Amino acid sequence: MTLLEVDGIDVAYGDVQVVWDVSFSVTEGETVALLGANGAGKTTVLKTICGPLTPSAGDISFNGESIGHLQQDEVVPKGVTHIPEGREIFSDSTVRENLRLGAYTNRDGMRERLDRVYEIFPRLEERKGQKAGTLSGGEQQMLAIGRGLMSDPDLILLDEASLGLAPVLVEDVFDAIERINEEGTTVLLVEQDVNNALRIADRGYVLESGRMNLSGSAEELATDDRVAASYLGG
């Protein structure tokens with residue numbers, strides 16, 4: 001079943017258009033990678049799906065319902081969670097307080113969801129009483145993902161989850177994303193780390209200068225000469 005359908009969206013910041021006629025879909029249970037260089041429009045697309053931006057043309061549907069003109073606080077209760085680039089955790093609150101804030105739209109079953117987050121990210125349980133601002137960069141990213149899971153989403157939007165992390169932590173984060181998907185959460189992943197993104201994705205799309213340029217299975221994109229030349233150092 002198609003969970004997310006992005007249909008011909010144009011997006012602008014004021015008078016400056018940055019996305020042109022972008023269409024793609026995400027099927028329930030998939031991990032889909034949205035790839036492209038810095039400035040390609042990937043983050044803009046995510047922000048348009050989850051509410052901070054509104055398309056000037058086209059539409060977005062989730063579970064068959066149009067959400068393209070909804071605000072973020074209206075999108076989250078429908079089952080969509082956005083983990084933004086830069087994490088945006090509450091530095092002066094504890095790890096546990098940050099996680100509990102992630103469940104603000106859905107308090108039922110909070111204890112079970114908290115246990116699930118701690119199972120995926122044991123380091124968060126070890127540091128649950130610690131202020132979030134004192135965590136390492138990798139731990140803060142784990143916290144941002146864990147907080148997103150606390151709303152029990154059907155679809156999680158991840159923006160540059162590996163940005164600025166040491167290689168060993170990058171692998172941990174991607175392994176966690178893979179596990180989250182295997183446990184039933186659909187994932188749309190925006191990444192500049194193309195190798196790791198295609199390692200865990202089922203399919204991918206490539207944005208270039210705000211336009212959809214390529215699409216295919218993860219295996220097809222990983223072996224495509226155009227992808228290799230532009231993003232894989234080939």
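Under full-length UniProt numbering, the residues of the sequence shown are numbered 1 to 234, in order. Quick reminder that beta carbons are idealized off the backbone N, C-alpha and C, glycines included. In this text the structure is predicted, and so the values were computed from the model without any measurement.
As assigned by DSSP and simplified to three states, the class of residue i
i: Ser-162; result: coil
i: Ser-23; result: strand
i: Ile-177; result: helix
i: Ala-197; result: helix
i: Thr-2; result: strand
i: Arg-203; result: strand
i: Ala-103; result: coil
i: Gln-192; result: coil
i: Arg-211; result: strand
i: Asp-225; result: helix
i: Gly-234; result: With a pLDDT of 49 at Gly-234, under the threshold of 50, the modelled position of that residue is not reliable, and no figure is offered here.
i: Gln-17; result: strand
i: Asp-172; result: helix
i: Asp-92; result: coil
i: Asp-7; result: strand
Nearest candidate by alpha-carbon position, reference residue i, set the options
i: Asn-98; options: Glu-74, Leu-124, Gly-109 and Pro-84; result: Leu-124
i: Pro-84; options: Gln-72, Glu-119 and Val-19; result: Gln-72
i: Glu-30; options: Leu-214, Ile-60 and Arg-203; result: Arg-203
i: Ile-156; options: Val-22, Glu-171, Leu-189 and Glu-219; result: Leu-189
i: residue 239; options: Ser-209, Glu-208 and Asn-195; result: Lying before the first or after the last residue shown, residue 239 is absent from the chain, which here runs from 1 to 234.
i: residue 235; options: Leu-70, Arg-113, Ala-57 and Ala-40; result: Absent from the model: residue 235. The displayed extent of the chain is 1 to 234, so no value can be given.
i: Met-110; options: Thr-81, Arg-147 and Ser-91; result: Arg-147
i: Asn-181; options: Val-168, Ile-200 and Asp-193; result: Ile-200
i: Glu-65; options: Ile-49, Ala-57 and Ser-56; result: Ile-49
i: Thr-134; options: Asp-92, Leu-35, Asp-159 and Asp-108; result: Asp-92
i: Arg-87; options: Phe-62, Tyr-13 and Gly-137; result: Gly-137
i: Phe-90; options: Glu-74, Leu-158, Ala-132 and Asp-159; result: Ala-132
i: Ala-197; options: Val-32, Lys-42 and Phe-62; result: Val-32
i: Glu-28; options: Thr-54, Asn-63, Tyr-13 and Gln-17; result: Asn-63
i: Met-212; options: Lys-42, Val-16, Met-1 and Val-26; result: Lys-42
i: Gln-17; options: Gly-210, Met-1 and Asp-159; result: Gly-210
i: Tyr-13; options: Leu-207, Ala-229, Lys-47 and Ser-25; result: Lys-47
i: Val-227; options: Asp-21, Leu-35, Glu-126 and Glu-139; result: Leu-35
i: Ile-177; options: Asp-115, Ser-25 and Glu-191; result: Glu-191
Burial state of residue i, where buried means 16 or more other Cβ atoms lie within 10 Å
i: Gly-234; result: Note that Gly-234 scores 49 on pLDDT, short of 50, meaning its location in the model is unreliable; the coordinates nonetheless yield the value given after this. Exposed: under 16 other Cβ atoms inside 10 Å.
i: Met-142; result: buried
i: His-69; result: exposed
i: Asp-15; result: exposed
i: Val-168; result: exposed
i: Asp-193; result: buried
i: Gly-8; result: exposed
i: Glu-119; result: exposed
i: Ala-144; result: buried
i: Asp-159; result: buried
i: Glu-126; result: exposed
i: Ala-161; result: buried
C-beta contact flag for residue i and residue j at 7 Å
i: Leu-149; j: Val-170; result: no
i: Asp-154; j: Gly-79; result: yes
i: Leu-3; j: Thr-186; result: yes
i: Val-45; j: Ser-23; result: no
i: Gly-102; j: Ser-151; result: yes
i: Lys-128; j: Arg-96; result: yes
i: Thr-105; j: Pro-77; result: yes
i: Ala-57; j: Leu-207; result: no
i: Gly-51; j: Val-19; result: no
Minimum length 3: unbroken beta strand (DSSP E) runs contained in the region 27-67: 31-35 and 57-62
Within the region 113-159, ranges of the beta strand (DSSP E) (whole runs, at least 3 residues): 155-159
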